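See below for the structure under consideration.
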Amino acid sequence: MKASVRTILIIIILGAFNSACLSIFYFPLYQSLDLSGVPEGVQVTALANGEVLDETVTPGSLSLRKMTSISLLFQKEGFYDRSVILEPEPSNGMIWLSFLVSMPTMFIGLFIDLGSGAVHSYPDENLKIEMIPVSESVGSRSLWLTVRIENDYNGSVRIVIQ
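Take the sequence shown: its letter number 124 is residue 126 in the working numbering, and every next letter is one higher.
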């Protein structure tokens, strides 16, 4: 009888220490994103819900919490602005690790890790941005057309563009 009580107490104590093990021990709530761009020197602003989270200049890196959707705004004078939205995606390996470790505690740790973002990560494919240069003539180019309207007075109008 004493052995079973001791076993139950050990399981409860171990469960308390390993619940949400990814959130406690692995510290993955933030992810560092390495950014590069063509050309270098692009100002990158990370936004979430209209709030500026972090800023850097390429090449550089941002440290972002993995639970929220992030909008990255790329700006450089003489180039069109670009924006990319990064959505955190669950990592299957981290979900399985959290699942296996939190089994003695009835998956409490798994739910904490899912809710805290510990099992999420941002995809890497959108982190290299190529900026499109603004032509110097954009906005100053004019198009002149000569338009002649001919009316035959029979109800039809002919427009001639020269």
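Heads up, the beta-carbon is just placed ideally off N, CA and C, and yes, glycines get one too.
Owing to the predicted nature of the structure, the values given are computational and were not obtained by experimental measurement.
Who are the Cβ neighbours of residue i in its own chain at under 8 Å, not counting the five residues just before and after it?
i: P61; result: D36, L37, S38, G39, E42
i: V170; result: Given a span of 3 to 164 for the chain in the structure shown, any question on residue 170 remains unanswerable.
i: S85; result: S73, L74, L75, F76
i: V54; result: T47, A48
Is the beta carbon of residue i sitting closer than 7 Å to the one on residue j?
i: S73; j: L49; result: yes
i: Y32; j: S63; result: no
i: I131; j: F76; result: yes
Could you give the DSSP three-state label for residue i: helix, strand or coil?
i: T58; result: strand
i: I72; result: strand
i: S137; result: coil
i: R143; result: Only weak support is given to the placement of R143: the predicted model assigns it a pLDDT of 47, under 50, and the value that follows is read from those uncertain coordinates. If DSSP states are grouped into helix, strand and coil, R143 belongs with coil.
What's the call for residue i, buried or exposed, on a 16-neighbour Cβ count within 10 Å?
i: V46; result: buried
Using a Cβ-Cβ cut-off of 6 Å (strictly less than) and excluding sequence neighbours within five positions of residue i, which residues of its own chain qualify?
i: R8; result: none
i: T192; result: No answer is possible for residue 192: it lies beyond the span of the chain, which begins at 3 and ends at 164.
i: T58; result: V46, L64
i: D56; result: A48, L64
Just reading off the beta strand (DSSP E) that residue i is part of, what are its end residues?
i: I87; result: 84-88
i: V46; result: 45-50
Keeping to the same chain, check which residues put their C-beta closer than 7 Å to that of residue i; ignore five residues upstream and five downstream.
i: I12; result: none
i: I134; result: F81, Y82
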